[in-house]
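Before any comments, here is the structure.
There are 2 protein chains.
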Amino acid sequence: MEMKLPGQEGFEASSAPTNVSAGELDSDVGPGPSPGPGPSPDGPSATESKELGVPKDPLLFIQLNELLGWPQALEWRETGSSSASWLLDMGEMPPITPSTHLHCRWVLFEEKLEVAAGRWSAPHVPTLALPSLQKLRSLLAEGLVLLDCPAQSLLELVEQVTTVESLSPELRGQLQALLLQRPQHYNQTTGTRPCWGSTHPRKASDDEEAPLREQCQNPLRQKLPPGAEAGTVLAGELGFLAQPLGAFVRLRDPVVLGSLAEVSLPSRFFCLLLGPPMLGKGYHEMARAAAVLLSDPQFQWSVRRASNLHDVLAALDAFLEEVTVLPPGRWDPTARIPPPKCLHKRLPSQQRESKGPAVPCLTSAENRHGHDPHAPSPELQRTGRLFGGLFQDVRRKAPWYPSDFLDALHLQCFSAVLYIYLATVTNAITFGGLLGDATDGAQGVMESFLGTAVAGAAFCLMAGQPLTILSSTGPVLVFERLLFSFSRDYSLDYLPFRLWVGIWVATFCLVLVATEASVLVRYFTRFTEEGFCALISLIFIYDAVNKMLNLTHTYPIQKPGSSAYGCLCQYPGPAGNESQWTTTSPKDRDDILSMDLGLINASLLPPPECTRQGGHPRGPGCHTVPDIAFFSLLLFLTSFFFAMALKCVKTSRFFPSVVRRGLSDFSSVLAILLGCGLDAFLGLATPKLMVPREFKPTLPGRGWLVSPFGANHWWWSVAAALPALLLSILIFMDQQITAVILNRVEYRLKKGAGFHLDLFCVALLMLLTSALGLPWYVSATVISLAHMDSLRRESRACAPGELPNFLGIREQRLTGLVVFILTGVSIFLAPVLKFIPMPVLYGIFLYMGVAALSSIQFTKRVKLLLMPAKHQPDLLLLRHVPLTRVHLFTAIQLACLGLLWIIKSTPAAIIFPLMLLGLVGVRKALERVFSPQELLWLDELMPEEDRSIPEKGLESEHSFSGNDSEDSELMYQPKAPEINISVN
Amino acid sequence: MEMKLPGQEGFEASSAPTNVSAGELDSDVGPGPSPGPGPSPDGPSATESKELGVPKDPLLFIQLNELLGWPQALEWRETGSSSASWLLDMGEMPPITPSTHLHCRWVLFEEKLEVAAGRWSAPHVPTLALPSLQKLRSLLAEGLVLLDCPAQSLLELVEQVTTVESLSPELRGQLQALLLQRPQHYNQTTGTRPCWGSTHPRKASDDEEAPLREQCQNPLRQKLPPGAEAGTVLAGELGFLAQPLGAFVRLRDPVVLGSLAEVSLPSRFFCLLLGPPMLGKGYHEMARAAAVLLSDPQFQWSVRRASNLHDVLAALDAFLEEVTVLPPGRWDPTARIPPPKCLHKRLPSQQRESKGPAVPCLTSAENRHGHDPHAPSPELQRTGRLFGGLFQDVRRKAPWYPSDFLDALHLQCFSAVLYIYLATVTNAITFGGLLGDATDGAQGVMESFLGTAVAGAAFCLMAGQPLTILSSTGPVLVFERLLFSFSRDYSLDYLPFRLWVGIWVATFCLVLVATEASVLVRYFTRFTEEGFCALISLIFIYDAVNKMLNLTHTYPIQKPGSSAYGCLCQYPGPAGNESQWTTTSPKDRDDILSMDLGLINASLLPPPECTRQGGHPRGPGCHTVPDIAFFSLLLFLTSFFFAMALKCVKTSRFFPSVVRRGLSDFSSVLAILLGCGLDAFLGLATPKLMVPREFKPTLPGRGWLVSPFGANHWWWSVAAALPALLLSILIFMDQQITAVILNRVEYRLKKGAGFHLDLFCVALLMLLTSALGLPWYVSATVISLAHMDSLRRESRACAPGELPNFLGIREQRLTGLVVFILTGVSIFLAPVLKFIPMPVLYGIFLYMGVAALSSIQFTKRVKLLLMPAKHQPDLLLLRHVPLTRVHLFTAIQLACLGLLWIIKSTPAAIIFPLMLLGLVGVRKALERVFSPQELLWLDELMPEEDRSIPEKGLESEHSFSGNDSEDSELMYQPKAPEINISVN
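Protein chains in written order, with UniProt numbering: chain W, 1 to 984; chain D, 1 to 984.
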């Protein structure tokens with residue numbers, strides 16, 4: 001093999017393209033596995049463009065080993081530079097042998113070895129000094145560039161890179177010995193105490209090719225994907241070198257270079273930067289520059305295909321063209337820039353031209369912008385035939401059916417089942433309690449469990465979107481309460497009346513399915529979703545607080561003045577004025593208090609014992625239960641705050657991530673357990689959850705099947721159509737808004753949605769539950785989102801600092817099914833459930849409401865109202881819409897919400913589903929107030945406008961060149977779109 | 001004036017230094033105010049080096065105005081490029097007139113105008129693309145550089161910069177008209193809605209020199225310091241230009257260039273970057289590069305003194321040498337880098353060489369490192385004479401005495417007084433309550449108020465460090481409690497015994513003052529401080545919780561079984577078995593409950609009324625007060641959490657900063673008010689603060705002067721010396737640790753400390769308070785720090801994004817004095833104070849303990865124990881000390897704390913001051929376990945070691961070049977210092 005050795009004469013050739021390195025000669029020596037046959041880096045060759053979609057280069061792990069000597073040695077080096085005397089002196093002063101230390105490493109981000117602390121720093125964005133990049137460039141231009149070097153071992157490699165004219169054979173030997181020396185790697189596996197490998201310089205004949213045990217045990221090895229390659233940068237100052245020695249090697253066949261790399265990976269690149277001592281940390285910085293270059297995917301791509309020095313330098317220049325520059329003194333250089341949340345995937349320039357602009361980093365807002373929001377998804381295209389949508393849904397989902405069960409065979413599904421089961425049971429308990437309250441026991445916990453199990457399992461088996469979890473929801477609960485008070489006002493037999501409402505609702509829903517009404521969900525923009533969601537959350541919060549305060553009426557607080565102290569045990573005795581007690585029934589408490597009992601036979605036994613001994617407990621004090629009100633309040637607050645705190649544990653710094661995730665996922669269960677524990681510890685007679693002791697309806701004296709008419713007139717079954725109409729609207733909106741949220745693009749669902757099929761299932765279940773007197777069920781947003789979240793598939797992060805990529809959801813039917821079967825079995829949990837105090841459940845309800853409310857953008861915007869502009873977070877929204885417009889939009893939403901709340905609270909409450917539908921109208925009217933650009937950021941666009949605006953936006957986005965997308969707001973000139981509208 | 005006009009021939013001369021621009025010819029035309037007479041930028045000239053200390057250039061405000069046209073216009077421009085046809089077409093399409101918009105502005109950081117949102121972005125670190133800097137360089141090299149341009153108006157300036165050969169006179173006229181057009185500035189004062197100036201193109205003869213009203217009203221104007229100058233960058237694409245037109249102008253005399261700048265500032269620099277349309281946002285980016293360059297202090301410094309094009313380009317190259325480079329695709333370009341907490345002040349390179357490395361950005365940890373920690377401050381140098389330290393203190397402080405009152409004449413002092421007064425009163429109330437409990441009323445709220453007022457005011461008048469606030473402190477409270485139980489065990493008359501203890505303590509303290517023992521505080525490292533501080537905090541927390549739980553014994557919770565229901569009102573009636581009640585005194589509650597009362601004459605009247613009507617309330621239920629226990633707990637938790645939450649408001653995004661500061665500063669007061677409000681609202685009989693109704697000692701029957709012996713034997717006055725010795729140690733440590741904390745270097749106190757004088761004052765006050773039977777007082781850390789914090793002097797931030805600089809503390813005696821006078825007056829607040837429920841005060845106590853505990857580094861390290869290494873914050877400490885060593889240090893501190901706590905809780909408690917002193921010994925012993933480097937980061941070094949290590953550290957820090965100080969941990973090689981120690 002021939003090498004061009006750079007010497008003095010190499011200096012003037014620094015940037016001339018005529019300087020062809022030795023590597024170029026190599027390129028046709030052997031048929032290497034991946035060198036690009038095309039010499040031009042400007043366009044992909046014929047073979048490459050065929051596989052353009054998948055030219056996946058292996059991941060590169062880069063490390064920087066640095067040659068370090070003690071300061072004395074450095075001083076000494078200045079005095080004498082002959083290698084012989086250097087070696088002799090080295091022999092006399094063993095501790096000052098220059099030894100190689102691994103100091104930094106890169107996959108995507110930089111990790112520094114913090115020597116004193118003996119640990120790797122957190123991964124951070126590497127920052128370089130511009131001069132070091134330029135110095136590196138000139139060193140490489142003068143130095144040795146070996147592309148497709150056939151070396152098979154470290155020894156061969158070292159021999160090749162040290163074959164430089166400027167070195168005497170003697171010096172060369174020294175240099176080789178030094179380079180073959182085993183580097184000291186910080187060993188992570190042996191514990192947190194820094195542990196350094198042996199430092200003795202090794203002979204070249206040693207077994208340097210066998211990877212060390214530490215190399216194999218390195219935890220980084222497990223993280224890197226198979227096929228990963230290594231790149232090593234060796235740098236240092238050597239007193240005996242008269243001039244800098246730079247070498248850049250691409251190995252033809254990647255080989256494990258002994259213990260050179262920290263991890264036993266085959267090395268592809270090798271870079272050597274040595275030279276006489278220079279001021280500052282020149283070589284260290286140059287070596288970091290080289291490593292950062294190598295870690296750049298685009299440079300890597302180019303240099304893997306480079307055929308000569310010119311290509312390498314061109315790649316370096318291309319890198320320089322794209323760097324971002326921070327002015328000096330404007331930021332804190334000790335601050336390490338944390339890795340960004342999302343990496344902009346840059347394609348190599350060759351590919352980029354053929355593939356359009358860089359793959360954008362999608363936030364959910366940008367997602368809607370990048371994506372064409374109005375190409376109606378196939379699920380929502382109208383077929384125009386009766387039940388056409390339903391048949392299409394079935395046709396679309398049927399092929400997936402087997403895989404819906406096979407895809408569930410993963411450990412993750414097990415934990416998802418556990419989590420969602422507990423959430424479902426909690427929900428069933430709390431809603432069961434609330435429904436029992438609302439309907440005077442016509443429904444209860446038993447019905448809630450049974451209904452949840454039956455309806456949920458059936459839905460999971462049949463539905464279009466089996467990730468949905470059915471549950472009682474706030475709006476339906478509100479409606480049920482209204483319906484019950486209505487039927488009580490008219491002395492109706494509730495369950496039969498309700499049965500007819502259910503029958504009508506099912507009918508209406510079937511009509512909606514037949515007419516493919518679900519395509520209208522495209523009009524449910526975020527405005528509608530948020531209005532609905534906020535209303536539900538507020539209902540939760542209000543109900544929880546209200547129920548809690550009602551407890552203080554049941555268990556009144558005893559104030560000093562209004563004493564309810566008096567209590568005694570009176571026996572029917574000789575004094576015989578028991579009759580007085582029983583005959584004169586006192587009107588009110590004051591009467592009792594002031595009443596002179598006269599001569600009685602009495603004791604101070606507690607009421608239960610008194611009764612047992614034949615006496616009568618007398619006096620107001622006998623029936624009061626003190627301390628319950630405040631203790632309930634304490635339980636309520638404790639469970640609420642505990643659940644909130646546990647939820648936050650997920651993002652805290654404490655505990656390993658498994659523990660954090662567990663604590664936060666099971667926050668409500670743990671909060672319930674804590675509440676029960678506290679209650680059991682103090683043993684007070686707090687109100688507990690009423691659970692059925694046997695498998696029968698809560699309402700005494702009814703069978704499971706509701707009789708079709710009961711005590712009602714037959715015409716009530718016709719009249720039920722009116723409330724049913726309202727309920728149908730509610731069910732439709734509640735169901736479909738949730739479905740829209742669950743089927744959002746950002747969840748990357750592969751098996752598609754089934755809006756029509758879902759509604760069809762809900763209608764059928766409506767019929768079933770009405771007939772059995774069970775609660776009504778629709779999709780529940782929060783718990784379904786939790787279900788999907790627990791089934792996220794993510795790529796394993798291979799590079800330190802890289803965040804895992806979201807791949808999609810494990811779409812299957814099994815987890816839901818198992819959850820609901822378990823829920824059904826839980827009907828027999830009564831002996832356990834009866835220990836749950838009601839205030840604890842109210843606290844969990846409050847928590848659910850607050851959590852749901854705080855998750856919507858509307859809440860963020862309401863918070864903005866309270867923030868001075870200076871302190872507002874840098875939301876993309878705020879960069880594009882004037883603050884007053886944002887506030888106006890928020891104010892309108894608040895007003896709508898207020899109106900909904902008022903309607904819900906007045907006698908006209910029963911029409912509130914209509915008002916919900918009115919939200920869509922309000923949103924439509926907003927188009928007269930806000931410009932489409934503003935609505936694009938504040939909300940989504942409605943289907944009509946999908947022609948002019950987004951295209952314009954996309955077009956001008958393309959017109960700007962790649963990486964300064966932050967300036968793209970220039971396209972949103974406030975005037976231009978307004979003109980556009982008036983034209984339309 | 002002559003101009004060199006760049007044309008085609010300028011291209012090859014892009015970097016040759018022979019290309020001398022027209023500006024060079026200007027440099028000797030007129031005697032400008034500030035041009036550097038020396039032509040070489042490498043070293044300061046003779047005149048400049050004289051004033052090297054104060055060559056303060058005025059602040060520069062830079063703005064970028066951009067010429068914008070509509071896309072149609074841009075398209076049109078491509079078809080025809082003659083200026084005549086362009087103008088004609090422009091006349092036909094008025095809306096597409098290119099108009100100048102202000103788009104970015106800089107003082108230190110960049111602010112972008114978010115056009116669509118109509119607001120300025122938050123200030124952020126500007127990022128540039130490297131190519132735009134390079135393009136700018138070549139444009140300037142070819143272009144026009146006018147240094148010391150004598151133009152006096154915008155018109156003159158525009159005429160000068162457009163006198164270019166390549167432009168025809170016609171084109172020049174067009175260009176001038178365009179440049180004289182009034183730019184559209186976003187007007188902040190008219191509201192948040194974007195408001196644009198008039199867009200009509202103006203004639204050159206218009207009144208463009210008169211600053212517009214918006215310019216003067218601009219809020220930025222008020223922020224910029226007087227003397228600030230403006231720089232304007234004008235950029236844009238013009239179809240009629242055949243080639244780029246670049247001009248860089250430094251005006252000889254800064255003049256207000258009409259409405260060019262957003263703020264009516266005299267302009268010093270003017271940069272014009274125009275050219276034919278090019279791909280991407282070339283001119284925008286180039287203009288940003290120019291603006292960032294101008295905003296760089298060092299470039300500014302150079303360019304103000306530049307005499308020719310060469311100097312300007314050299315300054316640009318110097319800038320490039322110092323930039324930091326971020327590799328492409330490694331960070332999110334849409335993320336704006338927030339301004340750093342602290343700016344590294346870079347001096348111009350000329351000054352830098354003579355002044356050493358850059359002024360470092362001091363964090364408190366670095367501060368200790370940069371600063372020589374062991375040059376004993378003058379306050380702590382031993383004089384060797386009796387009372388030498390005291391005399392020196394007096395001599396040092398006396399000259400400041402008048403200014404100690406005059407310096408207080410500032411509005412800030414008023415709010416400081418209010419804040420500290422409320423804190424002091426809260427403290428007096430809470431400690432008064434606790435002391436009353438601890439001493440069975442020998443001291444109480446009255447004594448607490450009186451003592452605080454007298455001792456505090458006296459201390460403020462006499463002390464060496466008048467910023468100190470005296471207060472009862474936790475350790476002294478603990479000791480007092482021990483002393484009281486001791487004297488009770490020995491049936492001593494407490495106050496006389498205490499008087500003797502006080503006399504002895506005063507004596508011992510005077511001995512300590514005489515022997516200058518305060519110089520020993522140098523041994524109180526952070527280890528000691530934190531141990532002490534943690535103990536105090538734990539005592540606070542424990543006491544608060546303990547007191548709260550004790551309430552549940554006083555007001556027991558009534559469980560269902562153990563009913564204390566029974567209560568009746570029994571009259572002495574004919575049945576006459578009242579005697580039975582009075583004679584047979586039942587042993588316990590069970591007896592009463594089961595007791596058959598037999599035939600009685602009874603009613604159910606509540607106890608008070610019963611007594612009034614001549615009856616006897618009978619039964620256990622008559623004396624229980626229900627609900628109090630839980631309500632107290634609620635009050636306790638409410639006040640604690642409310643105070644905690646309010647404290648956090650300070651760092652939240654909500655509310656204007658005045659409101660936030662107010663809420664957080666008065667958090668405890670507001671929490672107390674909330675608690676009182678809740679309590680008053682429900683009106684329950686919670687235990688309230690016991691306050692004296694008249695001005696007399698709390699203990700009945702004693703005068704204000706304590707009798708010297710009372711009922712005690714005389715020899716007790718001698719025996720009192722033993723506890724007094726212990727108390728002296730405690731007082732010394734408590735006082736001096738606080739003094740050390742208050743006098744830390746980072747507070748930049750100018751008037752110096754007075755350790756000896758402070759201790760002397762404390763000793764005298766000890767004598768006084770003992771004689772009057774008032775509590776003992778020493779410096780209280782937390783409240784004193786709050787005092788200092790409320791008196792911080794900060795520089796007004798002039799540049800957006802710049803954080804205000806801490807200048808020092810408003811050191812004076814008046815605020816403290818007024819606070820204590822007010823406290824004295826508050827003795828007459830009794831009618832108000834009696835409404836404060838005790839649980840609220842306990843809650844505040846808990847808050848104080850938790851707040852104090854969470855403020856020390858020890859707590860941070862304890863938290864580290866719970867964090868996986870991956871999630872730990874990037875503390876400097878962790879970069880330099882192995883995690884296991886950090887944990888070991890924390891564990892040792894925890895063990896010490898545990899030991900102290902155990903001792904405090906055993907009968908040996910009275911010796912715990914000795915154990916506190918033992919902390920110093922433990923810290924000494926730690927030097928055998930930890931290396932000095934580790935201790936330097938974990939703690940501070942003790943005086944003995946101040947020779948070798950820090951110097952070594954500083955030395956090697958110097959050896960590295962300026963700005964990559966993050967790599968300086970390389971100097972902390974774990975081995976090197978260990979060798980050093982063994983040598984010592």
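Note that beta-carbon positions come from the ideal geometry of N, C-alpha and C, so glycine has one too.
Step through the CB atoms of chain C and report whether any lies within less than 8 Å of the CB of W:W301.
Here chain C cannot be found, since the structure's protein chains are W and D.
Exposed or buried, W:I902, counting other C-beta atoms within 10 Å across all chains shown (16 or more means buried)?
exposed
Do W:L64 and D:T324 have their C-beta atoms within less than 8 Å of each other?
no
Would W:P399 and W:G710 qualify as a contact pair, given that the criterion is a beta-carbon distance under 8 Å?
no
Mind checking if W:P244 is an interface residue toward chain D, Cβ cutoff 8 Å exclusive?
The C-beta of W:P244 comes no closer than 8 Å to any C-beta of chain D.
Alpha carbon of W:T163 to alpha carbon of W:R172, nearest angstrom:
7 Å
Please tell me whether W:P244 and W:L139 are closer than 8 Å, where the distance is taken between their beta carbons.
Contact flag set, yes.
Would you say W:I557 faces chain D, with C-beta separation under 8 Å as the test?
yes
Are at least three pairs of beta-carbons, each pair with one atom in the segment 870 to 885 of chain W and one in the segment 108 to 118 of chain D, less than 8 Å apart?
yes
Where D:F666 and D:P723 are concerned, what is the direct C-alpha to C-alpha distance, given to the nearest angstrom?
38 Å
Where W:G275 falls: helix, strand or coil (DSSP):
Looking at W:G275 - three-state DSSP - the assignment turns out to be strand.
Need the endpoints of the alpha helix (DSSP H) that W:G662 sits in, please.
657 to 665
Could you tell me whether the Cβ of D:V325 comes closer than 8 Å to any Cβ of chain W?
yes
Would D:V511 pass as an interface residue toward chain W - the criterion being a Cβ-Cβ separation below 8 Å?
no
Once the 5 residues before and after W:I783 are set aside, which same chain residues still bring their CB inside 8 Å of it?
I420, A423, T424, N427, I469, S471
In chain D, which residues lie less than 8 Å from W:D148 when you measure between Cβ atoms?
Residues of chain D passing the Cβ test: none, with the nearest at roughly 26 Å.
Measuring from the CB of W:A786, is there a heavy atom of the ligand SAM at a distance below 7 Å?
The ligand SAM is not among the ligands present in this structure, which contains no ligands whatsoever.
Among W:R653, W:P466, W:L646, W:I672, whose alpha-carbon lies nearest the alpha-carbon of W:G662?
W:L646
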